[in-house]
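See structure below.
There are 2 protein chains.
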Amino acid sequence: MEQKVREIGSRSVKITDAFWSKIQQKVIDVVIPFQEKVLNDEIPNVEKSHAIENFRIAAGLSEGEFYGMVFQDSDVAKWLEGVAYSLIVKPDEALETRADEIIGIIEKAQQPDGYLDTYFIIKEPEHRWQNLHECHELYCAGHMMEAAAAYYEATGKDKLLHVTERLADAIINRFGSEEGKEHGIPGHQEVEIGLMRLYHVTGKEKYKHMARYFLEERGKNPDYFYEEKVKRGWQHWGQYSLDKLDVTYNQAHRTIYEQNEAVGHAVRALYMYTAMADLAGTDADERLYQACRTLWDNIIQKKLYITGGLGGNSEGEAFGPAYELPNDMAYAETCASIAMVFFAHHMLEMDMDGAYADIIEKELYNSTISGMQLDGEKYFYVNPLECEPGVSGKLFGYRHALPVRPGWYACACCPPNLIRLVTSLGKYCFSESASTVYSHLMIGQIAQTQKAKITVETSYPWEGHAVYTVEPKTDKVFTLAVHIPYFVDFTKEGAYLSVNGETIPAAELSIMMKKGYVYLTRTWQAKDQVVLHFPMEVRKVYANQHVRENAGCVALMRGPVVYCFEGADNGDLLQSLRIPKNLKAEAYLCEDGILKGNVLLLMDGYRMAGSGELYSEKPPVKEKVSLTAVPYCIWANRGENQMRVWMLEEF
Amino acid sequence: MEQKVREIGSRSVKITDAFWSKIQQKVIDVVIPFQEKVLNDEIPNVEKSHAIENFRIAAGLSEGEFYGMVFQDSDVAKWLEGVAYSLIVKPDEALETRADEIIGIIEKAQQPDGYLDTYFIIKEPEHRWQNLHECHELYCAGHMMEAAAAYYEATGKDKLLHVTERLADAIINRFGSEEGKEHGIPGHQEVEIGLMRLYHVTGKEKYKHMARYFLEERGKNPDYFYEEKVKRGWQHWGQYSLDKLDVTYNQAHRTIYEQNEAVGHAVRALYMYTAMADLAGTDADERLYQACRTLWDNIIQKKLYITGGLGGNSEGEAFGPAYELPNDMAYAETCASIAMVFFAHHMLEMDMDGAYADIIEKELYNSTISGMQLDGEKYFYVNPLECEPGVSGKLFGYRHALPVRPGWYACACCPPNLIRLVTSLGKYCFSESASTVYSHLMIGQIAQTQKAKITVETSYPWEGHAVYTVEPKTDKVFTLAVHIPYFVDFTKEGAYLSVNGETIPAAELSIMMKKGYVYLTRTWQAKDQVVLHFPMEVRKVYANQHVRENAGCVALMRGPVVYCFEGADNGDLLQSLRIPKNLKAEAYLCEDGILKGNVLLLMDGYRMAGSGELYSEKPPVKEKVSLTAVPYCIWANRGENQMRVWMLEEF
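Residue numbers (the numbering used here), protein chains in the order written: chain A, 1 to 651; chain B, 1001 to 1651.
In C-alpha cells form, the structure reads like this:
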C-alpha cells in the first residue's frame, strides 16, 4: 500500500455537473423533504415511521409506546447525515433549524450513562446490549456517529457530536478485549464506520482503537452470537430472528484476516470492508490492507454484476457462490452498491489505482442511481438485470425483484442511503497528498484543493470530454493526477490529453500514466487548462464463461454506463432478439419524453421468429429489426415491462 | 370425440422388451421388496414409515400411536397396487401371501360403517371428514380403490375390493349434491380415479356417479375449503397446513368446465384430468371431453418440458405461467409425468390420435424413468433439465432440485408411483375396438388381443425397427392400426412399412395413415408380419421464443429419447459449449461402464474460451471439441456433476 491520501471533503467541492446536479436537486427537493414527512408520520398511505416520535417518547417529551423496527432510530440518523451534506450543497436555514430541533430531542433522549437507543430506552431497558446479534444497537449508534460527524463538518455545530461521543464512550466502557469487558461484536456492522468517522473529526485515538477492536474481535469466537442467545434464554427480538445462526451471514465465521471470500449479507459485509479499509489507510496497516485486497479481488473477480450490483442470492440479501450471478433473481441491493462506493473510496486512498475509481464510476452511473425513479418519488431496493412481468416480483424465487419501483418501505434503508451518497458526491471527486492533487471522477465541479482551485467542465457520461481549469494557490511545482477511465485508449484516434492546447503524444502519455492516472507535474499558472477527450464508443462486454446466466450473451456499455433493453422500445420477447456480431450502434440524445436528456443507443439487430409450437424441429428464422437500448439506471420508468441487460449475440 | 376404445389390460400383455424388461425387473427385484421393508420398518437409516403398523393398530392387532403423514395409508395402497401388477409380470406366491396378509389387516382396520383411514381411526375419530382440504382421507380412499381393482384383476381375489366398496359406499352416504349430504370435495384429487376403477371392475353405476359428483362439484363453491376451515375452528393437521387457501393450488377455483389453464399442484391437476378423461370416454360425454381437450392443449402448447416434465414452479409443486419453464429450478415431479401418462392414455381411448401416444412415449422414455437410479435404489422426485453442483439442491430457489438421487423419502410418493407405472406398462401398449387392434407403443411384447395374438419384437428406442407378428384368432377381416411416432417420415429414405416383406409405397401409406396410425385392414393369416422401419436420426429441437430459458438453445432427441450433456463426459462449464449449426452426431451403443446398453451421441462442437476476467471486451474464442450426450433418463448416475438438456447453438 502507498501513503494514504485524503479526500478533500464535500465542503470543498461544488458540483456543477449537468448529470449529477439534476440528481442532487431531486434528492434535495423531493427525497429529503419526503423522508422528513415520513419520519414525522405526515404522509398518508405510507407505513407509519414513528421514528422521531420514538425519540420524543424516550426524551420524556411525549407519551406512548415504541413503534417500528428495532433499528428505527437509524432512519433519523441517516436522514440527518443526508441533511448535513445537503446543507453544503444547498444551504437551507429552515431545514437546518428543524434538524437542530431533532438533534435537541435526540440529546434529551440520551440516558445519563450515554446510552442511546429508543427501542430499549422505552421498551426493554433491562435488556440493553443483550442481543447484539439481532438488535442493531451498535448499528444505530454507528449511523448516529456518521450523522454527527457530517453535521459537524457541514454546520460546525457539535451538539450531536458530543451526544455520540458520550455514546461511544458508553460503548467503550462496556465492550473490549480487556478483562471485565464484554467481548461483543455487532450483528450488523456499521459502528466501525461511525467510530472511524468520530476519530477523523475529533482526532481521539480511543474511537479508532474501538473500531479496530470491533473489527478484530469479529470471528475470533464464531459462537459469540450463539452463546449470547443461550445467555439471554433464546429470546429474540419481535419478528426479527436469525434463528439459524449461520454466522457467515454476519461475516462472523472467521477473523477478518482469515476471510478470503465475500460472503453473507452484502451490506453488512461491505460496511465491514469499508471500515477495514479506512482503518488500514489511517494506520498504514499493511496486514489489514492485504485483508481488504483479498476481499476486494474476490468481489471484482467473481461476485460483481456488470452494473455494479452486489449480492446474487436473495436469501439473506447475500453474496452467492463465485460466478453465480442470476440476472432475474439478483438481489443487488441499492445499499450494497452504495457501500461498494465507500469501500472503493477508502481503497483508493491507500492505492492511487484507477481501478478503484473505475468501480466508483460503475456504481455511481448504474446500480446506485437505478434505485431511484426519475421523479425521485419511488425506489428500488433490488436491482435485477432482467425483468419479466408476471414473474418478477410475483413467483417464488423472484418475489424480491420487483418490476417497477414501489413507494417507501417500512424498512427504509435504501432511499436515505441514496440521499447521503448523492449529496456527498463531492468527496469522491478529488484527493490530495503533499505533492499531488488527484482527480478521480469526470464530474463537473469547482473544487477547492489546498494547492489550487480546479474547475471541471464536462458533459460526461454522455460525452468523453472534460476541461480542467487550474487556478493554483501556490507558485510551487505540484502534480495534477487525472484519472483516465479504463476504457480510454490514447493510441486510438480521437483520444487525447492536452495541456493548454498542446496535445501530449501518446507515447509520452504512456510514460506519464501510472495505474490509470496521468501525472502532470509543473508550475501551474492561472487558467492553465487540461483537456481530456476521447471518443465514446459502444462497447460489447462478455462475461466469464463461468457465469452460467450470461452464456452466449453480450452487454453493451458506453463510457461507464451499462445499457439495457426494454420492452417499451423493443416489443416483447427480448430473449428472441440478437445483437449482431458486427454491431454498429448509434448513440443519440433523447430529446423528449421521460427519458429526455439521456443518451440512448440505436442499432440493427435480429429477432428470431419460430413456429407457434412449444417445441419444433424447424430452426427459428432471423428477421432484421431495429433495436434501442437505454441506460440501465433509468429502466422501469415507463411502467411494467420486460428488461434485459445481457442479450444473446449472433454467434 | 370418437367411440371409446379400451385397453386390453396388462394381464393380456407380456413384456419381452430389452429396454423395459430390465426396468421391470429392477422394479420387481429391488424397489418392491425395498418398499415392503420400509413399510414394515425393517430398513435402518430410512425414516420410519409405520404405515403397516398404523393399520395393525387401527385393526386392534397392535398397540401404539399413529405415526407418519396424514396420508401414510396411501403408501400401503400404492405398494399393493404395484404388487398386483408385478404378480402379472412375475408370479410370486410368497409375495402374494404377504400381500394377502396385509389386506387382511386392512380389512380388520375398516370400521363397521365402512370408514377406513388409520390416522383418524387411531388419533382423532371425532374429526373424520372435517378437513378434506388437508387431510387426504379421500385421497387415501382413492388409492386403496385403485389397489383393490388392480389386485382383483391380477389375482381374482376380491377381499380388498369389498373393503373398498364398503368404503366407497360410506363416502357416497356422506357426500353428494343431494340435500342432507355434505357438498364436499377432496383437497387432493385421486378418489375420482379410484371410483372410476371401482366402476370399471364392478360395473356399478353408483361409483361412476360419485366420481362425476366429485369432479363436477369442484369449483362450484370456491370457498368450500375456507368454509370448512371456519367450521372446524381453524384447526389444521400437524405440520401440514395450506393456510393461504389459494384454491387454484387444488384446482378448486372454478368448475372443471370453466378451467382453461393447467394451474396449481401438478399431480393434483393431472389426477383430476385423468379422472375427467376416463369419465368423458366412459360416458361419451362430449362436453367433458372438450374440457379435457382445453386443459390438454394448454399443457402441450405452453407448460410441458421437452422431457415430459410438468410443473415449472417449485412453490406448490405447481404449473407455472405459460412458457415459464426454468431448467435448473424445474419441479417436474416424477409423479406428475406418470400422471400425464394416465391422462394421455384416457385421451387416446377417446381419440385415436398418435399425438397422445407420442406423449406417452415422451413420458416413458424421459421424465418418468429419470426418477430412478440405474440400480433401482435411489429416486428423484424432481427432474430438472439443468443441474449445477453447488447451486442445485443447495441455494434458495434450487433446494428442491437435487444434483443426485437421494434415498427413500418419508413422503414416498414417487417410487411407488414408478412401480405401478412400470409393472402395468402392458396396458398402454394395445387397445381394441370392434373392428380394430391398435398398437400404440413400440415395445417388445406378446399381446393377447381378442382378435389376435400379436408378438412385437423391437430394439426401440435405440433402433427404429419393429416386427409385428400376427396370429389371428378370427378368420374375419380386421384392422391392425400401428402407431407411427411423430418423427417418422416415410418420404425419407430408409423409412418403410412392409407387410409380409412387401413395402407399402409412401403415397399409399399416406392414404392409409390417419392421425399417426397406419390402418392395415385385411384377413390376417398366421405369421403375417408387419415391419416398421425408420432411420433414427439425431434431431435438433427448438423451444418457442416465449420460453426465456431456452433462448438461443437447442436440445437433441433421437427417437423419443431426449439427450443431455453431463460434466462427466464433457468437462466443466457446459454453458461454454456450443452445438454446431450443421450438427453431425454419431449414435453409438455404450458397451461398458454404468451406462452400458444405452445409445450415446458423439459429435463435434465448440467450447468458448474467454479471459479469466469476470468481464472482458475480448470476445471469447471458439475451440473445436468433441461432445458426448447421454439419454436424459440416465443422468446423474455417475456422481454429482453438471448437466444441461438445452445447449447453446452456433448461431
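Ideal Cβ positions, reconstructed from N, Cα and C, are used throughout, including at glycine.
Closer than 7 Å, CB to CB, is A:Q290 near chain B or not?
-> For A:Q290, the answer is no, since every Cβ of chain B falls outside 7 Å of its Cβ.
Inter-residue CB distance, B:L1198 and B:A1168 (contact presumed, cutoff 8 Å) = Contact holds; Cβ gap of about 6 Å.
Which runs of the alpha helix (DSSP H), 4 residues or longer, sit entirely within the segment 1596-1622 of chain B?
-> Fully enclosed alpha helix (DSSP H) runs of no fewer than 4 residues are not present anywhere in the segment 1596-1622 of chain B.
Quick check: the segment 621-639 of chain A against the segment 562-581 of chain A, are there 3 or more CB pairs under 8 Å?
-> Judged by Cβ distances under 8 Å, the segment 621-639 of chain A makes contact with the segment 562-581 of chain A, as three or more pairs qualify.
Use the C-beta contact count for B:P1461: other C-beta atoms within 10 angstroms, 16 or more gives buried, fewer gives exposed.
-> Looking at its Cβ environment, which holds 16 or more other Cβ atoms inside 10 Å, B:P1461 is buried.
By Cβ distance, which residues of its chain are closer than 7 Å to B:T1455, with the 5 residues on each side in sequence left out?
-> For B:T1455, where only same-chain residues beyond five positions count, the Cβ hits under 7 Å are I1446 and T1469.
Exposed or buried, B:N1500, counting other C-beta atoms within 10 Å across all chains shown (16 or more means buried)?
-> Exposed, since its Cβ has fewer than 16 Cβ neighbours within 10 Å.
Chain-ordered chain B contacts of A:R391 [CB-CB under 9 Å] | Strictly speaking, residue 391 of chain A in this sequence is Val, with Arg absent from that position. Those within 9 Å of A:V391 in chain B are G1320, P1321, E1324 and R1548.
Should B:I1028 be labelled buried (16 or more other beta-carbon atoms within 10 Å of its own) or exposed?
-> Buried is the call here.
List, in order along the chain, the chain A residues whose C-beta lies closer than 8 Å to that of B:P1620?
-> What B:P1620 touches in chain A: Y542 and Q545.
Whole-Å CB distance - B:R1558 paired with B:L1601, under 8 Å assumed | 7 Å between Cβ atoms; contact.
Rounded separation between B:E1227 and B:N1250 - CA only = So the two alpha carbons sit approximately 15 Å from each other.
Sort A:D475, A:T458 and A:L441 by Cα distance to A:Q450 and report the nearest one.
-> Comparing C-alpha distances from A:Q450 to each of A:D475, A:T458 and A:L441 shows the shortest one belongs to A:D475.
Mind checking A:D223: buried by the 16 CB within 10 Å criterion, or exposed?
-> A residue is called buried when at least 16 other Cβ atoms come within 10 angstroms of its Cβ; A:D223 does not meet this threshold and is exposed.
Determine the chain B residues that contact A:S576 at a beta-carbon separation under 8 Å, and present them in chain order.
-> Within 8 Å Cβ-Cβ: Q1545 and A1551.
Spatial neighbours of A:K48 in its chain, beta-carbon cut-off 7 Å, leaving aside the 5 residues before and after | Counting only Cβ-Cβ distances below 7 Å, and skipping sequence neighbours, we find D41 and Y67.
Would you mind working out which of B:A1339, B:G1142 and B:H1133 sits nearest B:D1246, comparing C-alpha positions?
-> Among B:A1339, B:G1142 and B:H1133, the Cα nearest to that of B:D1246 is on B:H1133.
Closer than 7 Å to chain A by CB, B:E1315 | Closer than 7 Å: yes.
When A:Y379, A:Y398, A:K378 and A:E377 are compared against A:C387, the one with the closest alpha-carbon | Nearest to A:C387 by alpha-carbon distance, out of A:Y379, A:Y398, A:K378 and A:E377, is A:Y398.
Residue(s) in a DSSP beta bridge with B:Y1563 = Residue pairing by DSSP places B:Y1563 opposite B:P1631 in a beta bridge.
Distance, Cα to Cα, A:V38 vs A:V46?
-> So the two alpha carbons sit approximately 7 Å from each other.
Taking 7 Å as the CB-CB limit, is B:A1215 close to chain A?
-> A small correction: the amino acid at residue 1215 of chain B is Leu; Ala does not occupy that position in the sequence shown. B:L1215 does not count as touching chain A.
Within 10 angstroms of the Cβ of B:Q1525, are there 16 or more other Cβ atoms? Answer buried if so, exposed if not.
-> Counting other Cβ atoms within 10 Å of its Cβ, B:Q1525 stays below 16 and is therefore classed as exposed.
Hey, is A:P619 close to the ligand HEM, as in C-beta under 6 Å from one of its heavy atoms?
-> For the structure depicted, the ligand HEM is absent and the ligand set is empty, with no information on it obtainable.
Check each candidate in B:S1010, B:K1004 and B:L1095 and name the one with the smallest Cα separation from B:Q1448.
-> Of B:S1010, B:K1004 and B:L1095, the smallest CA-CA separation from B:Q1448 is found for B:S1010.
Chain C residues whose Cβ lies nearer than 9 Å to that of B:R1539 = The structure shown has no chain C; the protein chains it does contain are A and B.
What does a CB cutoff of less than 7 Å around B:Y1271 pick up in its chain, not counting 5 residues either side in sequence?
-> Counting only Cβ-Cβ distances below 7 Å, and skipping sequence neighbours, we find Q1189, E1190, I1193 and A1339.
Chain-ordered neighbours of B:E1388 on chain A, where CB pairs are closer than 7 Å = Correct list: R548.
What are the start and end residues of the beta strand (DSSP E) that includes A:E471?
-> From DSSP, the beta strand (DSSP E) with A:E471 extends over H465 to P472.
Assign B:D1100 to one of three DSSP states: helix, strand, or coil.
-> Helix at B:D1100.
Would you check if the distance between the CB atom of B:V1562 and the CB atom of B:T1307 is smaller than 7 Å?
-> At a Cβ-Cβ threshold of 7 Å, B:V1562 and B:T1307 count as neighbours.
If the cut is a Cβ gap below 7 Å, which residues of chain B does A:A736 touch?
-> The requested residue 736 of chain A is not part of the displayed model; chain A covers only 1 to 651.
For the putative contact between A:E317 and A:A266, defined by C-beta atoms under 8 Å, what is the C-beta separation to the nearest angstrom?
-> Rounded, the Cβ-Cβ distance is 6 Å, consistent with contact.
Measure the Cβ-Cβ separation of B:I1185 and B:E1137 and say whether it is below 7 Å.
-> Cβ atoms of B:I1185 and B:E1137: not closer than 7 Å.
Between B:G1610 and chain A, is there a C-beta pair that is closer than 7 Å?
-> Cβ-Cβ to chain A under 7 Å: yes for B:G1610.
For B:F1071, does the three-state DSSP call read helix, strand or coil?
-> Judged by DSSP in its simplified three-state form, B:F1071 adopts coil rather than helix or strand.
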